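Student:
Here it is in structure tokens:
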């Protein structure tokens, strides 16, 4: 396949991990900071069973077993492509008792006009994980390679059904792939990963982004197909799946999941939570579970996370303007 121009900056983590100024241990720091709850609500703005819910449920269990107070409780608030939960988190009291699980969807939804705020509406707490997208398809599609798919999409533009949450990362990856390859897909809206997976498994749509966490068992069982992974290297859980780069498309795209808090949450509370998640991110059992799901773990604290969010917004904005999603 012809080699296309490079687009890989979004997946690069340019910011250096930020070290909290707190000198106390995680447990001591948590006990020293006054938070008016024994369990904080961690809002996941998608339905249960999706990749984000699965990943933060592992963090929830890990923190429940740590000697810290408050603990966290994952609460799913799906709807509006993740924006319903985002709105509730943004208006929550900034007292440390509400946290929000976030990724680049907060940026793409803003650029697409679906929501009027993004990362600056929150206090960054910690960037935690990285999950590369997989170019996935229903099990009954006739194509067996990315090259076959691109040829078909060029021959019959706007006819191949791609499931996505409009204005979210699940659509953004396909939009970039279109821009790089000249393929054109027809988008079918879904509110979250689970709905999209159900549609793929029932062959109601033909394409949809996957990740190792949500798609591995279906790929191994033959219910779904995968043509490439948008990562720098192959995933050890799917060693036969080539990267897009190997196939001549220089695209790297991964969901970077992290934690933010309502704007105005005191710095000492933000730092406390950042250290709690840092401790959890070092847990060997958590790391083992994340690796099994094709998700890397690299904690970045409040300052570094803010720098990453600012750079990532600029990178997304450039591409959104180029493909006509967003106009200044």
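Residue numbers (this note's numbering): 24 to 351.
Each residue gets a CB set at the ideal place from its N, CA and C atoms; glycine is no exception.
As the structure is a computational prediction, the values presented were derived from the model and not from experiment.
When DSSP labels each residue in this structure, what does residue 149 get in the three-state scheme?
Tutor: On the chain shown, position 126 is the one that residue 149 refers to. Of the three classes helix, strand and coil, the one that applies to residue 149 here is strand, per DSSP.
Student: State the Cα-Cα distance for the pair residue 100 and residue 253, rounded to the nearest angstrom.
Tutor: Along the chain shown, one-based indexing puts residue 100 at 77. Along the chain shown, one-based indexing puts residue 253 at 230. When rounded, the distance between both Cα atoms is 28 Å.
Student: From residue 185 to residue 57, what distance separates their C-alpha atoms?
Tutor: Residue numbering aside, residue 185 sits at position 162 when the chain shown is read from its first letter. Residue numbering aside, residue 57 sits at position 34 when the chain shown is read from its first letter. Rounded to the nearest angstrom, the two C-alpha atoms are 48 Å apart.
Student: If you reduce the DSSP assignment to three classes, tell me which class residue 47 lands in.
Tutor: Start at 1 with the first residue of the chain shown, and residue 47 comes out as number 24. In this prediction, residue 47 scores a pLDDT of 36, lower than 50, which makes its location untrustworthy; the coordinate-derived value is nonetheless stated afterwards. Here residue 47 sits in coil by DSSP.
Student: With residue 170 as the anchor, note down where its alpha helix (DSSP H) starts and where it stops.
Tutor: As a working note, residue 170 is residue 147 in the chain shown. It spans 169-178 - the alpha helix (DSSP H) in which residue 170 sits, taken as one unbroken run.
Student: Measure the beta-carbon distance from residue 98 to residue 236 and round it to whole angstroms, keeping in mind my assumption that it falls under 8 Å.
Tutor: What you label residue 98 is simply residue 75 of the chain shown in a count that begins at 1. What you label residue 236 is simply residue 213 of the chain shown in a count that begins at 1. Between residue 236 and residue 98 the Cβ distance is about 20 Å, and since that is not below 8 Å, they are no contact.
Student: Need the endpoints of the alpha helix (DSSP H) that residue 239 sits in, please.
Tutor: Residue 239 sits at position 216 when you count from the first residue of the chain shown. Its alpha helix (DSSP H) spans residues 235-244.
Student: Report the residue from 217, 142, 92 whose alpha carbon sits nearest the alpha carbon of residue 73.
Tutor: For this step, residue 73 is matched to residue 50 along the chain shown. If we check each option's Cα against that of residue 73, 217 comes out closest.
Student: So, under 8 Å CB-CB, residue 232 and residue 156 are touching, yes? Tell me the CB distance rounded to an integer number of Å.
Tutor: Reading the chain shown from its first residue, position 209 is the one you call residue 232. Reading the chain shown from its first residue, position 133 is the one you call residue 156. Indeed they touch by this definition, with Cβ atoms about 5 Å apart.
Student: Where does the unbroken beta strand (DSSP E) through residue 325 begin, and where does it stop?
Tutor: Position 302 of the chain shown holds residue 325. Note, residue 325: premise wrong, no beta strand (DSSP E); alpha helix (DSSP H) at 325-345.
Student: So residue 325 packs on residue 148, CB below 8 Å; how close in whole Å?
Tutor: Residue mapping note: residue 325 aligns to position 302 of the chain shown, counting from 1. Residue mapping note: residue 148 aligns to position 125 of the chain shown, counting from 1. Right, the Cβ-Cβ distance comes to about 6 Å (below 8 Å), so this counts as a contact.
Student: Have a look at residue 163 and residue 245 and give me their C-alpha separation to the nearest angstrom.
Tutor: In the chain shown, counting from the first residue as 1, residue 163 sits at position 140. In the chain shown, counting from the first residue as 1, residue 245 sits at position 222. Cα to Cα, residue 163 sits roughly 9 Å from residue 245.
Student: Using three-state DSSP, classify residue 57 as helix, strand or coil.
Tutor: For the purposes of this step, residue 57 is identified with residue 34 of the chain shown, where counting begins at 1. In the structure shown, residue 57 sits in coil (DSSP, three-state: anything other than H, G, I, E or B).
Student: Looking at residue 151: is its Cβ nearer than 8 Å to the Cβ of residue 292?
Tutor: Looking up residue 151 in the chain shown gives position 128. Looking up residue 292 in the chain shown gives position 269. Their beta carbons are not under 8 Å apart, which means residue 151 does not touch residue 292 by this criterion.
Student: Excluding the 5 residues flanking residue 22 on each side, which residues of the same chain have their C-beta closer than 6 Å to its C-beta?
Tutor: The chain is shown from 24 up to 351; residue 22 falls before or after that span and cannot be answered.
Student: Which residue wins for smallest C-alpha separation from residue 338, given the options 159, 301, 139, 134?
Tutor: Taking the first residue of the chain shown as position 1, residue 338 is located at position 315. Checking every option, the nearest Cα to that of residue 338 belongs to 134.
Student: The alpha helix (DSSP H) with residue 293 in it runs from where to where?
Tutor: On the chain shown, residue 293 is found 270 positions in, with the first residue counted as 1. It spans 290-304 - the alpha helix (DSSP H) in which residue 293 sits, taken as one unbroken run.
Student: Using the three-state DSSP reduction, which class does residue 95 fall into: helix, strand or coil?
Tutor: Residue numbering aside, residue 95 sits at position 72 when the chain shown is read from its first letter. Residue state, collapsed to three classes: strand.
Student: Given residue 106, which residues of its chain have a CB within under 8 Å of its CB, disregarding the five upstream and five downstream residues?
Tutor: Start at 1 with the first residue of the chain shown, and residue 106 comes out as number 83. These residues qualify, in order along the chain: 68, 132, 137, 138.
Student: Using CA atoms only, rank isn't needed, just tell me which of 126, 108, 154 is closest to residue 333.
Tutor: Sequence index remark: in the chain shown, residue 333 carries index 310 (1-based). Among 126, 108, 154, the Cα nearest to that of residue 333 is on 126.
Student: Determine the closest residue to residue 269 out of 225, 312, 170, with distance taken between C-alpha atoms.
Tutor: As a working mapping, residue 269 is identified with position 246 in the chain shown. When each option's Cα is compared against that of residue 269, the closest is 170.
Student: Taking the runs of the beta strand (DSSP E) that are 3 residues or longer, which of them lie wholly in the stretch 78-124?
Tutor: Listed in chain order, they are 94-99.
Student: For residue 311 and residue 81, I'd like the C-alpha separation in whole angstroms.
Tutor: Working through the chain shown from its first residue, we reach residue 311 at position 288. Working through the chain shown from its first residue, we reach residue 81 at position 58. If you take the alpha carbons of residue 311 and residue 81, they lie about 11 Å apart.
Student: Alpha carbon to alpha carbon, how far is residue 124 from residue 223?
Tutor: Reading the chain shown from its first residue, position 101 is the one you call residue 124. Reading the chain shown from its first residue, position 200 is the one you call residue 223. Between residue 124 and residue 223, the C-alpha separation is close to 25 Å.
Student: Does the beta-carbon of residue 279 have 16 or more other beta-carbons within 10 angstroms, so that it is buried, or is it exposed?
Tutor: In the chain shown, counting from the first residue as 1, residue 279 sits at position 256. So residue 279 ends up on the buried side.
Student: Helix, strand or coil for residue 310 per DSSP?
Tutor: By one-based count along the chain shown, residue 310 stands at place 287. Here residue 310 sits in helix by DSSP.
Student: Distance check for residue 225 and residue 206, CA to CA, integer angstroms please.
Tutor: The count along the chain shown starts at 1 and reaches residue 206 at position 183. The count along the chain shown starts at 1 and reaches residue 225 at position 202. Their backbone Cα atoms lie some 24 Å apart in a straight line.
Student: Going straight from the alpha carbon of residue 290 to that of residue 65, what length do you get?
Tutor: As a first step, residue 290 must be located in the chain shown, where it is residue number 267. As a first step, residue 65 must be located in the chain shown, where it is residue number 42. Those two C-alpha atoms are separated by around 18 Å.
Student: In terms of DSSP beta bridges, what is residue 143 paired with?
Tutor: What you label residue 143 is simply residue 120 of the chain shown in a count that begins at 1. Answer is none; residue 143 lacks a bridge partner.
Student: Helix, strand or coil, according to DSSP, for residue 130 in the structure here?
Tutor: Your numbering for residue 130 matches position 107 in the chain shown. It is helical.
Student: In chain order, what residues of the same chain have a beta carbon less than 8 Å from the beta carbon of residue 308, not counting five sequence neighbours either side?
Tutor: Counted from its first residue, the chain shown places residue 308 at position 285. Answer for residue 308: 85, listed in chain order.
Student: Give me, in chain order, the residues of the same chain whose beta-carbon lies closer than 7 Å to that of residue 256; leave out the 5 immediate sequence neighbours on both sides.
Tutor: To locate residue 256, count along the chain shown from 1; it is residue 233. Excluding residues within five positions, the ones whose Cβ falls inside 7 Å are 266.
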